[in-house]
DNA sequence: GCCAACGTTGGC
DNA sequence: GCCAACGTTGGC
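Residue numbers (UniProt numbering): 1 to 139.
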């Protein structure tokens, strides 16, 4: 099991919209960055990820699960870009803000804290455990 | 709204 | 293959 983090501006695609998609989930299209794409290519069905609201909120708001492995991005004909599908699993009881992550012992190396530009990121098992704890979820 | 950080593009 | 120019992201 590997853990991830998906960033989205809620103006464009929010957690509520993701939840509304239900168990079929939604294609995580639109990523045009090789690092982020490579992360998606490494994902397996059943991997879990955090859903993070960038710009507005700047907080982790939910947990998602990969429900389809990487396949061509339907929003482009460019064969370089593909993406996974994710479905909402559950919201955090308490959203975990970027500010909280920045000062939380154990999260110093979290990509979210150190590379604000990467939209699809790996999360270590330890970071996953800590953020779930802060969010009021069992790890 | 600004701007720093970073990734990509394309000329050479 | 280098690097300047440019575009985008996202925190502030």
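Ideal placement from N, C-alpha and C gives every residue a C-beta, glycine not left out.
Item                                                                                                                        : Value
Coarse secondary structure for residue 195, derived from DSSP in three states                                               : In the structure as shown, the chain begins at 1 and stops at 139. Residue 195 is therefore absent and cannot be evaluated.
For residue 85, three-class secondary structure by DSSP                                                                     : strand
Neighbourhood of residue 83 by C-beta distance below 7 Å, restricted to the same chain and skipping five residues each side : 27, 28, 29, 31, 40, 70 and 73
Among 132, 56, 25 and 4, nearest to residue 11 - alpha-carbon criterion                                                     : 56
Contiguous beta strand (DSSP E) assignments of at least 3 residues, all confined to the UniProt domain "EVE" (3–133)        : 3–8, 48–53, 59–72, 82–97 and 120–123
Cα-Cα separation between residue 33 and residue 81, rounded to whole angstroms                                              : 9 Å
Counted within 10 angstroms of its Cβ, other Cβ atoms place residue 88 as buried (16 or more) or exposed                    : buried
Reduced DSSP secondary structure (H/G/I, E/B, other) of residue 135                                                         : helix
Residues near residue 36 in its chain [Cβ-Cβ closer than 7 Å; skip 5 each side]                                             : 118, 119 and 120
Option nearest residue 18 by Cα separation, candidates 115, 136, 62 and 102                                                 : 62
C-beta atoms of residue 54 and residue 126 nearer than 8 Å                                                                  : no
Status (buried if at least 16 other CB within 10 Å, exposed otherwise) for residue 1                                        : exposed
Nearest neighbour of residue 6, chosen from 49, 45 and 14 [CA to CA]                                                        : 49
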